Amino acid sequence: MSHHDEHDENDYDFRRIEARWAPVWEELAPFSTSDAPESKPRKYILDMFPYPSGDLHMGHAEVYALGDIVARYWRQRGFTVLHPIGWDSFGLPAENAAIKRGADPREWTYENIEQQKASMKRYAASFDWDRVLHTSDPEYYRWNQWLFLEMYKKGLAYRKDSWVNWDPVDQTVLANEQVLPDGTSDRSGAVVVKKKLTQWYFKITDYADRLLDDLNQLEGSWPAKVLSMQRNWIGRSVGADVDFVIEGHEAPVTVFTTRPDTLFGATFMVVAPDSDLAAELASGSTPEVRAAFQDYLEQAQKKSEIDRQDATRDKTGVFLDRWAINPVSGERIPVWAADYVLADYGHGAIMAVPAHDQRDLDFARTYDLPIRMVVDTTAPMTGTIPVITEEMLNEEPPTIDPAITGEALTGDGRLINSGPLDGLSKSNAIKRAIELLEERGTGRASKTYRLRDWLISRQRYWGTPIPIMYTEDGEEVPLEQDALPLELPWEKGMDLKPKGTSPLGGLEEWVATTTPDGRPARRDTDTMDTFVDSSWYFLRFLDPRDSTKAFDPAQAEKWAPVDQYIGGVEHAILHLLYARFITKVLFDLGYVSFTEPFSALLNQGMVILDGAKMSKSKGNLVYFTEELDRFGVDAVRLTMAFAGPPEDDIDWADVSVTGSQKFLARAWRLSGEVTAPVGADPETGDTALRRVTHKYLSEVPGLIEAFKFNVGVARTMELVNAIRKAIDSGPGAGDPAVREAVEVVAVGLSLYAPHTADDMWQRLGHFDGTKETLVAFAGWRKADPLLLVEDQVTAVVQVDGKVRDRLEVSPKIGNDELEALARASAAVQRAIGDREIAQVIARAPRVVNIATKK
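When you line the sequence shown up against the numbering used here, it's residues 2 to 855, in that order.
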């Protein structure tokens, strides 16, 4: 295909078409929403914003194609659509790249943003380019600092010393969520170690119940898998807090249990070796115990949480030579430290009921501790009396005693050996046990969660500085609002190499400061977790240039929450959980009137190649810009939509981009063949074609709203085939129904292939150079209900389960008439031959089943 100007106007040349429309859109800025009329309904469609490492890749190509279908669809339905884009531009990759090159991380970041931005514009996603934000701009991160200070005032941001997950390669703290199940870092791949540091936390646990219960509002509009991942992550358990007195230890120790009914079976107590309690108990013991405990603690700290919770491994522990009192039986029970208990579960101590908990049983058998059965799991749970036979009386009953079998009894049953609880079923015994504890003042009903507070301190440079300073006597002094933003300093030759403390600590002029009342102070040298940036960015899009506030509550009232959020399932837990938490905090502070940030969520699959994830190391990368150069933007976008349901992975080896290209050429050619004038009355045209067109108009909206984009594309292909047939062997190109159908194709294609669609629209005589006359704003036509009534349907005739004929009949046909037609069919008579008919079932107007005698 030549690229000079003497080519045939009827050749589909995607390069020429892209070159024609890109400057038009650039000039008209059609998707800006700054002048949105109050009268029109609104939709907020948001794609997860990208991290600027290198150019866009095929994963971006998918998410931005799918998000754009949704945004363009709602515009065609008459909504003003807010569809913004920005960059999640703080974080480690920029810092690591800067360290490698000895450069300023800003340069790397903003160069990548420019490259990605150019690719996005080329890709023709319908973004509002007036609202771009970058989280690494001081104009953005000053509002992270504002949010931090608001939470600090409310007691939701606090500092504490604690054991943290330390990445020895990246030399920074990791949130629990960033430690993979095998105990390695999700960033560097190094084995994570524990280290004690003073860190900042957000008190997300205060919101655990709301974060869990509000998921019910999202049933049906978020993927079920994501809802269950969120529920498991929060991990609520209901039970009781029980106070155990430890001899020689002043304050009672509280233990959380989901099974207070088994208290009479608690024969020892276990504390986590890395808890403050274990250290206190050991220090009050003998020198031998102290030494043994110290050795054991060092061993425990080398293990990952996953190892420690592995139920199958051998149990180890150390006796602290201390005794506790069982609060219901008064019995003295020994206190041990063992690493199968975690310091941050419940209160870091458990009551061990070895007969009814497998890990406690394994531990008790290893160290020869008492095992007492308190639930008879063989007891019938109904009132019936078992029939006892002669044989049963002579047989030894099989033993179920865990001390002998080594198998804990975890099932339901009736309570035994439990004083006032004897004979009760589990659920009644739990209620009664809690009442007993409350009467004696030694316990109460309680809940615990798997969720931990959100650790936000990072020992790295490229993030939001924490707006707190410390006086010489350790007082925390928050910055005043008018001192924001506290900007990141940059000095030529600054050393960003990770060294266990933040690189900011090396800049003495920046660290040394004075409080508003003139006392010498030092700044916090950590920066915030970049998940803080993305926890509220959807609100900043409402006006990213506002220098007076993070966002305007009146604008939030108009646009938010986000109607449709689109992005990868890899963010199913953390990012979504944090955004939900911050939204609830902003609701409590009175800044927003909703409690969930994203009303609906669509997770797209991955783009893979030959069944494998694409990666540089595998050498199986498909480059985004190369695919655009080769096939054109529209063909790549259409392929993404047509490949299958959005949540499935797309194997780029299995799709046909050439097929998409050929289809677009077929559709585009139609727009040059229409000869009926603009505005010709379609009602004077061919009814058969109009039926196909109006069926398309009535079906496609439901498909798009159900994310069946691939079926939407297939319906468009069917309509194009029907038009081709009408032009070549039907009423011809001058029929007004042909014009109507081609116009409908252009509007339908505008969701997937904007360049081709606008070009068709112009060739059909509609574009006059103004924004309003672009195909994106043509509007989805209403289907004519009269054209949707089928005047014929296809009835299928089966003989002995095999389809033998298809009959075109009226939708109003009755069963008898349908049966008579079926029996008269030559094909059916041949199939029956000389067999006798046993039964005929007619279900008008769709099917007739004829069964013959065997």
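Don't be surprised by glycine CBs; every beta carbon is placed ideally from N, CA and C. Keep in mind that this is a model prediction, so the values were computed, not measured.
What does DSSP give as the partner residue(s) for L671 in the beta ladder?
Per DSSP, none; premise fails for L671.
Just mark Q295 as buried or exposed, buried being the case when its beta carbon has 16 or more other beta carbons within 10 Å.
By the 10 Å Cβ count, Q295 comes out exposed.
For the region 434-519, which segments carrying the alpha helix (DSSP H) assignment without a break, of at least 4 residues, lie completely within its bounds, in sequence order?
509-512, all fully within the region 434-519.
By alpha-carbon positions, which one of P38, K154, R333 and V739 ends up nearest to W560?
Of the candidates P38, K154, R333 and V739, the one whose C-alpha sits nearest the C-alpha of W560 is P38.
Report buried or exposed for H8, applying the criterion of at least 16 other Cβ atoms within 10 angstroms of its Cβ.
Any reading at H8 must be qualified, since the residue scores a pLDDT of 48, below 50, and its modelled position is unreliable; no value is offered.
Please list the terminal residues of the continuous beta strand (DSSP E) segment that includes P846.
P846 -> no beta strand (DSSP E), and no H or E assigned at all.
Return the residue from the list W324, A845 and E648 that minimises the CA-CA distance to V794.
Of W324, A845 and E648, the residue nearest in Cα terms is A845.
Taking K803 as part of the alpha helix (DSSP H), name the residues at either end of that continuous run.
Counting along the chain, K803 falls outside any alpha helix (DSSP H), though it belongs to the beta strand (DSSP E) covering K803 to V810.
Would you mind working out which of A72, P499, D527 and D308 sits nearest Y471, comparing C-alpha positions?
The shortest Cα separation from Y471 among A72, P499, D527 and D308 belongs to D527.
With H, G and I counted as helix, E and B as strand and the rest as coil, what does DSSP make of Y74?
In the structure shown, Y74 sits in a helix (DSSP, three-state: H, G or I).
Going by DSSP, what residues sit across from K195 in a beta bridge?
K195 is bridged to N166.
Using beta-carbon positions only, say whether I18 and H576 come within less than 7 Å of one another.
No, Cβ-Cβ distance for I18 and H576 is not below 7 Å.
For P399, which option in L228, G645, T379 and N418 has the closest C-alpha, if you only look at C-alpha atoms?
When only C-alpha atoms are compared, the closest one is T379.
Thinking just about the alpha-carbon of each residue, which of S661, A754 and P647 is nearest to the one in V64?
The option with the nearest alpha carbon to V64 is P647.
With a cut-off of 7 Å, does the C-beta of A344 fall near any C-beta of chain B?
No chain B appears in this structure, which consists of one protein chain only.
Would you check if the distance between the CB atom of H357 and the CB atom of V376 is smaller than 7 Å?
Yes. Within cutoff.
Quick check on DSSP: helix, strand or coil for H250?
The answer is coil: DSSP assigns H250 none of H, G, I, E or B.
R523: which of F582, V512 and N722 sits nearest, CA to CA?
Measuring from the Cα of R523, the nearest candidate turns out to be V512.
Excluding the 5 residues preceding and the 5 following Q302 in the sequence, name in chain order all residues of the same chain whose CB lies nearer than 7 Å to its CB.
For Q302, where only same-chain residues beyond five positions count, the Cβ hits under 7 Å are K195 and D275.
Is the beta carbon of T199 sitting closer than 7 Å to the one on D162?
A contact, by the Cβ cut-off of 7 Å.
In terms of alpha-carbon separation, which member of P737, D687 and T449 lies closest to V675?
Nearest option by C-alpha distance: P737.
Quick one: is Q830 buried, meaning 16 or more other Cβ sit within 10 Å of its Cβ, or exposed?
Exposed, since its Cβ has fewer than 16 Cβ neighbours within 10 Å.
Whose C-beta lies closer than 6 Å to the C-beta of F595 among residues of the same chain, with five residues either side of it excluded?
P562, listed in sequence order.
Can you give the Cα-Cα distance for P521 and M615, rounded to whole angstroms?
Straight-line Cα distance between these residues: approximately 53 Å.
Within the continuous beta strand (DSSP E) that includes G236, where are the two ends?
From DSSP, G236 is part of no beta strand (DSSP E); its letter is neither H nor E.
Check whether the Cβ atoms of V748 and N145 sit closer than 7 Å, and answer yes or no.
No, Cβ-Cβ distance for V748 and N145 is not below 7 Å.
Would DSSP call T173 helix, strand or coil?
T173: strand per DSSP, three-state reduction.
Are the Cβ atoms of R667 and Y450 separated by less than 7 Å?
Cβ distance not < 7 Å, so R667 and Y450 don't count as in contact.
Using 8 Å as the threshold, is the region 113-128 in touch with the region 48-58, meaning 3 or more CB pairs across them?
At 8 Å Cβ cutoff, the stretches touch.
Using DSSP with H/G/I as helix, E/B as strand and the rest coil, what is D215?
Residue state, collapsed to three classes: helix.
In this structure, does DSSP put N97 in helix, strand or coil?
Of the three classes helix, strand and coil, the one that applies to N97 here is helix, per DSSP.
Please classify K44 as buried or exposed, where buried requires at least 16 neighbouring CB atoms within 10 angstroms.
The residue in question, K44, is buried, as its Cβ has 16 or more Cβ neighbours within 10 Å.
Would V841 and V797 be called neighbours here (beta carbons separated by less than 7 Å)?
Not a contact, by the Cβ cut-off of 7 Å.
Hey, quick one: how far does the alpha helix (DSSP H) through Q117 stretch, first residue to last?
Where Q117 is concerned, the enclosing alpha helix (DSSP H) stretches over P106 to Y124.
Just reading off the beta strand (DSSP E) that R43 is part of, what are its end residues?
Note, R43: beta strand (DSSP E), R43 to D48.
Measure the beta-carbon distance from Y415 to S428 and round it to whole angstroms, keeping in mind my assumption that it falls under 8 Å.
Sequence check: residue 415 is Arg here, not Tyr. Wrong, their Cβ atoms sit about 12 Å apart, outside the cutoff.
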